[in-house]
Ligand code: PGA
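Numbering (the numbering used here), first residue to last: 742 to 984.
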């Protein structure tokens, strides 16, 4: 089965709403029709991004959400709030959320279920730290993150992003062979009925220069792109490499 490549930009905490509008308009105008491409943008950029991407192939994702639809959770945003803005999906479990904001696998499972129930698409990010890789724990970490995170997905397909923490926001990239090995392992953890249909993106210093060889691996179905998604040229070059 051939999976359609899916490339998502992760802007992290970059770009004001005034900057996002023209940037998304440019991207949306240049993304090939029929491609699966998304931008994961800060909350304050969602409305303007949805408006600028309307009617194009570019999808707009949030970078996090709370698991409950409403309540006394100061500073949080819920799935119904995202849906009401016309947002397409949500990135869950990015390593920076896990590392700096105490995101747990258990909370992520609840978030994933709430997002799917609301009709949002999900990218679930997983990945080991440098210490875990050196201690030989890569597979056990991935197994825990994938199985706990996806426990609530049932027969629904989500996208998984494999992001080795030691390669995100650094100049280090996993070699295509290392990435392929981790992707194949993640795929082996998936329920048989979803295994072939699930797209697994690679993330971690993906750039136009290395995207081609990473995307050529049989189990790498796209990318979650941080730094190189902040400018149109490198991001669109990666989209073209995935095409
Ligand atoms: P990077 O970030 O491409 O800048 O390494 C990827 C990510 O953390 O999503």
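Every residue gets a Cβ at the ideal spot worked out from N, C-alpha and C, and that includes glycine.
Pairwise C-beta distances place the segment 882-902 out of contact with the segment 913-922, as fewer than three of them are shorter than 8 Å. Residue 979: not part of any beta strand (DSSP E); member of the alpha helix (DSSP H) spanning 973-983, first to last residue. Taking 8 Å as the upper bound for CB-CB distance, residue 964 and residue 983 are in contact here, some 7 Å apart. The DSSP-derived three-state label of residue 886 is helix. Around the Cβ of residue 754, a 10 Å sphere holds fewer than 16 other Cβ atoms; the residue is exposed.
Taking 8 Å as the cut-off, the beta carbon of residue 748 is found closer than this to the beta carbon of residue 979. With contacts defined by Cβ atoms closer than 8 Å, residue 803 and residue 823 form a contacting pair.
Around the beta carbon of residue 840, a 10 Å sphere encloses fewer than 16 other beta carbons of the protein chains shown; the residue is thus reported as exposed.
Separation of residue 860 and residue 750 (C-alpha to C-alpha, rounded to the nearest whole angstrom) is 21 Å.
Residue 751 is bridged by DSSP to 781. In the three-state DSSP reduction, residue 743 falls in the coil class, being neither helix nor strand. Look at residue 920: its beta carbon is at least 7 Å from all of the heavy atoms in ligand 1. With a 10 Å radius around the Cβ and a threshold of 16 neighbouring Cβ atoms, residue 825 comes out exposed.
Beyond the five residues adjoining it in sequence on each side, residue 883 comes within less than 8 Å, by CB distance, of 867, 868, 869, 903, 923, 926, 927 and 930 in the same chain, given in chain order. The straight-line gap separating the alpha-carbon atoms of residue 783 and residue 831 is approximately 11 Å.
In this model, residue 905 and residue 881 are separated by some 14 Å (Cα to Cα). Ranked by how close their Cα comes to the Cα of residue 947, the residues 779, 932, 970 and 873 have 970 in first place.
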